[in-house]
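Colleague: I'd like to ask you about the structure that follows.
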Amino acid sequence: MNYNFSNDTGEEKNKKKIQKEFDNKPTPAFIGASWVALVAGMLAFCVGLSNAAMLLNEKGYYLTILLFGLFSAVSVQKNVRDRLEGTEVTDMYYGISWFAALASITLLVIGLWNADLELSEKGFYGMSFTLSLFAAIAVQKNTRDKKFIESTEEV
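Just so it is clear: in the sequence shown, position 100 is 87 by the numbering used here, and no numbers are missing.
This is the structure we're talking about:
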């Protein structure tokens, strides 16, 4: 059924759709906010670890999980973006990237679940880890968008 509303003039139907070319270059504010979030999340996590009353091997475990999570999150973002843009990514590498990202999150959850920490400390580590992963994805996206826009402007 074709419903007509009182504000329909019919002119919109006859107008040609104008294709707009959008500049997807990230704004300096978003780039800055992404970097600040990444540094803040990583710094908070590391300062929390350095002040924690944990054994050195426990601190190493959490630091390794943070680094593993950051790398895997960037790798997932790159693979997803490559596939969307038509760049060939093997299914094996795509799957490994997702597995690594999920494994880092799972290992952090298991570690915090079994840790002798206050609930507020566990929440602090979980939130700073999550902030760091999100910010790493945003920084990688911004870097890639900026490089793509710059390469198309040169041509």
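Backbone N, C-alpha and C define an ideal beta-carbon position, used for all residues, glycine too. All of these numbers come straight from a predicted model, not from anything done at the bench.
Go through its chain and collect everything with a Cβ distance to W85's Cβ below 7 Å, but skip five positions before and after it.
Modeller: Hits under 7 Å: V63.
Colleague: Do L149 and A24 have their C-beta atoms closer together than 8 Å?
Modeller: Since the first and last residues shown for the chain are -12 and 142, residue 149 lies out of range.
Colleague: Can you list, in chain order, the residues of its chain whose CB lies under 8 Å from that of F58, leaving out five sequence neighbours each side?
Modeller: Correct list, in chain order: A87.
Colleague: On the three-pair Cβ rule with 8 Å, is the stretch 24 to 33 touching the stretch 116 to 135?
Modeller: Flag = yes, the stretch 24 to 33 and the stretch 116 to 135 touch.
Colleague: By the three-class DSSP mapping on this structure, what secondary structure does E8 have?
Modeller: Confidence at E8 is low in this model, with a pLDDT of 49, below 50, so its placement is unreliable and no value can be given for it.
Colleague: Where does I92 land, buried or exposed, given buried means 16+ other C-beta within 10 angstroms?
Modeller: Classification of I92: buried, given that the 10 Å Cβ count is 16 or more.
Colleague: Checking 8 Å against the spacing of the C-beta atoms, do G35 and S115 come in under that value?
Modeller: Yes, the Cβ-Cβ distance between G35 and S115 is below 8 Å.
Colleague: How is L104 classed by DSSP in three states: helix, strand or coil?
Modeller: Of the three classes helix, strand and coil, the one that applies to L104 here is coil, per DSSP.
Colleague: Measure the beta-carbon distance from S21 to V126 and round it to whole angstroms, keeping in mind my assumption that it falls under 8 Å.
Modeller: Rounded, the Cβ-Cβ distance is 5 Å, consistent with contact.
Colleague: Output the residue ranges of the alpha helix (DSSP H) runs that lie fully inside the stretch 63 to 121 and measure 4 residues or longer, sorted by chain position.
Modeller: 78 to 101, all fully within the stretch 63 to 121.
Colleague: For G82, count neighbouring Cβ atoms within 10 angstroms of its own Cβ and tell me buried if that reaches 16, exposed if not.
Modeller: G82 comes out exposed.
Colleague: What does the alpha-carbon distance come out to for the pair Y48 and K128?
Modeller: So the alpha carbons of these two residues sit roughly 28 Å apart.
Colleague: Spatial neighbours of E140 within its chain, please: CB distance less than 8 Å, with the 5 preceding and 5 following residues excluded, ordered by chain position.
Modeller: Taken in chain order, the list of residues that qualify is empty.
Colleague: Buried or exposed: which applies to P15, given that a residue is buried once 16 or more other Cβ atoms fall within 10 Å of its Cβ?
Modeller: When all chains shown are included, P15 counts as exposed.
Colleague: Going by C-alpha distance, which of D103, K65 and T130 is nearest G19?
Modeller: Of the candidates D103, K65 and T130, the one whose C-alpha sits nearest the C-alpha of G19 is T130.
Colleague: Can you find a CB in chain B that lies within less than 8 Å of the CB of V126?
Modeller: Protein chain content of the structure displayed is limited to a single chain, and chain B is not contained in it.
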